[in-house]
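Under full-length UniProt numbering, residues 1 to 207 are what the sequence shown spells out, in order.
Think of the CB as a built atom: it goes at the ideal place given N, C-alpha and C, for glycine as much as any other residue.
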Amino acid sequence: MDYFSVRDILGTRLDEGQSAYVRLGTMPIVQQTEDVFPQGLPDEYAFVTTFKFRKTSRREDWYLWQIFDKYGIPQVSIRLDGENKAVEYNAVGLTKDAVRAVFRNSEVDNLFDRNWHKIALSVEAKTVSLYLDCKHIQTLPIGDREDIDIQGKTVIGKRLYDSVPIDVSFDLQRMVIYCDSKHAELETCCDLPNGPVSTHQWNFAWI
1 MDYFSVRDIL
11 GTRLDEGQSA
21 YVRLGTMPIV
31 QQTEDVFPQG
41 LPDEYAFVTT
51 FKFRKTSRRE
61 DWYLWQIFDK
71 YGIPQVSIRL
81 DGENKAVEYN
91 AVGLTKDAVR
101 AVFRNSEVDN
111 LFDRNWHKIA
121 LSVEAKTVSL
131 YLDCKHIQTL
141 PIGDREDIDI
151 QGKTVIGKRL
161 YDSVPIDVSF
171 DLQRMVIYCD
181 SKHAELETCC
191 DLPNGPVSTH
201 QWNFAWI
């Protein structure tokens with residue numbers, strides 16, 4: 001994530017048996033969308049992240065990732081609803097105001113603890129699929145979506161209802177967006193502490 005200069009702003013941590021990660025809090029990470037996604041988002045893509053809630057954030061309602069247009073209107077987001085134990089995908093619809101998919105079941109409940117987890121979302125033309133810790137959880141239908149406005153901003157870590165910078169504390173090891181939606185199902189979990197292999201790399205990238 002060179003665009004966000006995370007190394008310079010926040011530093012990194014390295015625990016025994018765990019890949020390097022960034023500890024986020026107090027301020028969301030913000031960057032111009034045209035710097036991060038100069039060609040916009042493709043119609044189909046995979047969003048993959050490895051992270052861990054901290055003590056309070058697992059009960060919060062917040063956005064893990066969000067893109068705003070130049071007027072500050074949200075265009076696409078991944079919301080983590082700690083109160084209802086849900087993962088929510090939102091986007092601006094082509095024929096209606098919003099496209100929304102909410103994943104909520106007993107397997108999603110397991111995400112909201114204080115252990116490391118990997119979320120992978122496969123966003124396709126008509127469906128969005130959730131993979132949690134390399135296991136397929138659910139596939140939901142979605143409608144047609146508008147292209148994003150790259151003149152706005154991209155944000156990592158922001159509470160749902162707050163417009164001022166406040167503490168959304170979580171540890172982030174990796175965040176990647178792939179142009180191929182199939183990458184979500186091809187991910188392995190060797191970067192999790194209980195995975196078969198521990199690596200020593202982290203990245204935030206647009207691939």
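When DSSP builds the beta bridges, which residues end up paired with residue i?
{"i": "Glu88", "result": "Arg79 and Val102"}
{"i": "Phe112", "result": "In the DSSP output, where bridge partners are listed per residue, Phe112 has none listed."}
{"i": "Lys153", "result": "Gln32 and Phe68"}
Between which two residues does the beta strand (DSSP E) holding residue i run?
{"i": "Ala46", "result": "Tyr45 to Phe53"}
{"i": "Ala184", "result": "Careful: Ala184 lies outside any beta strand (DSSP E), inside the alpha helix (DSSP H) at His183 to Leu186."}
{"i": "Phe68", "result": "Asp61 to Phe68"}
{"i": "Tyr131", "result": "Thr127 to Leu132"}
{"i": "Gly72", "result": "Premise fails: Gly72 is in no beta strand (DSSP E) and is neither H nor E."}
{"i": "Asp171", "result": "Phe170 to Tyr178"}
Are the beta-carbon atoms belonging to residue i and residue j less than 9 Å from one another?
{"i": "Phe51", "j": "Asp133", "result": "no"}
{"i": "Gln39", "j": "Thr154", "result": "no"}
{"i": "Glu60", "j": "Gly93", "result": "no"}
{"i": "Glu88", "j": "Tyr131", "result": "no"}
{"i": "Ile177", "j": "Phe53", "result": "no"}
Answer with buried or exposed for residue i, where buried requires no fewer than 16 other C-beta atoms within 10 angstroms of its C-beta.
{"i": "Tyr71", "result": "exposed"}
{"i": "Tyr189", "result": "Looking at the sequence itself, residue 189 is Cys, so the reference to Tyr does not match. Classification of Cys189: buried, given that the 10 Å Cβ count is 16 or more."}
{"i": "Asp191", "result": "buried"}
{"i": "Pro165", "result": "Residue placement at Pro165 cannot be trusted, given a pLDDT of 45 that sits under 50; what the coordinates show is reported in the next sentence. Counting Cβ neighbours within 10 Å, Pro165 comes out exposed, since fewer than 16 surround it."}
Give me the Cβ distance between residue i and residue j, rounded to the nearest whole Å; I'm assuming they're in contact under 8 Å.
{"i": "Phe37", "j": "Ile156", "result": "The Cβ separation is near 13 Å, so there is no contact."}
{"i": "Ile142", "j": "Gln75", "result": "Not confirmed; about 14 Å, so no contact."}
Mind checking which residues open and close the alpha helix (DSSP H) that includes residue i?
{"i": "Asp35", "result": "Thr33 to Val36"}
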